[in-house]
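The structure appears below as structure tokens.
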């Protein structure tokens, strides 16, 4: 937890409507169904907070990376600076901060409609992260807006929950429909990344 904030947290005073009507201090006084519905509302809250975080991080990217690129050309240094600031604030690794930066920019620029699904609580943070990773080969593709729109439409029109496997397969099908070369490249990369290591043992095997 960050120590840069000295003022009391405003979150304990959050209106109960944001918690599905459940009083977080006394949830034992609420009916079971209300508690479950409250948990669903909390999921939407987590999604919105993740959306807000990604938007803020993307703004930091513009300020510390993109703007520096326009002025002095030190793209790597700007990215490293942004990642270092986030890592220090959060007490996380540099790698985690870099992933956050990349995901934030991808959601804003490559998957804006998917980002809006996150904002509206249609999906959660892990869905957004998976959508970014499964569409990373579309960065320079003209199919990216079509893929983004198709994923968002599927998310908004399908009821129920997504397993990780079904969510991944849904995105892969949409990507293949609009840019089959990207899927073939991903599969080839997976094949190329397969490795086998052998080590001699003392008994000669």
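In this note's numbering, the protein residues as written are 3 to 207. Ideal placement from N, C-alpha and C gives every residue a C-beta, glycine not left out.
* Asked: Around the C-beta of residue 93, are 16 or more other C-beta atoms found within 10 angstroms, so that it is buried, or is it exposed?
  -> Here residue 93 corresponds to residue number 91 of the chain shown, with the count starting at 1. Result: exposed.
* Asked: What residues in its chain sit with their C-beta under 8 angstroms from that of residue 36, if we drop five residues either side in the sequence?
  -> Residue mapping note: residue 36 aligns to position 34 of the chain shown, counting from 1. So the list reads 22, 23 and 24, once near-sequence residues are dropped.
* **Nearest candidate by alpha-carbon position, reference residue 126, set 8, 38, 163 and 10** => Position 124 of the chain shown, counted from the first residue, corresponds to residue 126. For residue 126, the nearest C-alpha among the options comes from 163.
* CA nearest to the CA of residue 130, picked from 117, 177, 181 and 167 -> The residue given as residue 130 occupies position 128 in the chain shown. The candidate whose alpha carbon is nearest that of residue 130 is 117.
* Since residue 55 is in the alpha helix (DSSP H), which residue starts that stretch and which ends it? -> Taking the chain shown and counting its residues from 1, the one referred to as residue 55 is at position 53. Run containing residue 55: 34-63, per the alpha helix (DSSP H) assignment.
* Quick one: measure Cβ to Cβ for residue 149 and residue 180, integer angstroms, because I've assumed they're closer than 8 angstroms. => Counting from 1 along the chain shown, the entry for residue 149 is found at position 147. Counting from 1 along the chain shown, the entry for residue 180 is found at position 178. The pair is a contact, with the Cβ atoms about 5 angstroms apart (cut-off 8 angstroms).
* Answer yes or no: does any C-beta atom of chain C fall closer than 8 angstroms to that of residue 53? => Among the chains of the structure shown, chain C does not appear; only one protein chain is present.
* DSSP-derived helix/strand/coil call for residue 16 -> Against the chain shown, residue 16 aligns to sequence position 14. If DSSP states are grouped into helix, strand and coil, residue 16 belongs with coil.
* Sort 159, 153 and 46 by Cα distance to residue 176 and report the nearest one. => Residue mapping note: residue 176 aligns to position 174 of the chain shown, counting from 1. The shortest Cα separation from residue 176 among 159, 153 and 46 belongs to 153.
* For residue 86, name the three-state secondary structure that DSSP assigns. => Numbered from its first residue, the chain shown carries residue 86 at position 84. Secondary structure of residue 86 (DSSP, three-state): helix.
* To do: Indicate the three-state DSSP secondary structure (helix, strand or coil) for residue 127 in the structure shown.
  => For the purposes of this step, residue 127 is identified with residue 125 of the chain shown, where counting begins at 1. Here residue 127 sits in helix by DSSP.
* Asked: Secondary structure at residue 135, three-state DSSP: helix, strand or coil?
  -> Along the chain shown, read from residue 1 onward, the residue named residue 135 stands at position 133. Under the three-state reduction of DSSP output, residue 135 falls in the helix class.
* Asked: Got a sec, what are the start and stop residues for the alpha helix (DSSP H) residue 117 sits in?
  -> Here the question's residue 117 lines up with position 115 in the chain shown. Element bounds for residue 117: 114-121.
* Asked: Ordered along the chain, which non-local residues of its own chain (more than five positions away) have a Cβ less than 6 angstroms from that of residue 123?
  -> Counting from 1 along the chain shown, the entry for residue 123 is found at position 121. Answer for residue 123: 46 and 49, listed in chain order.
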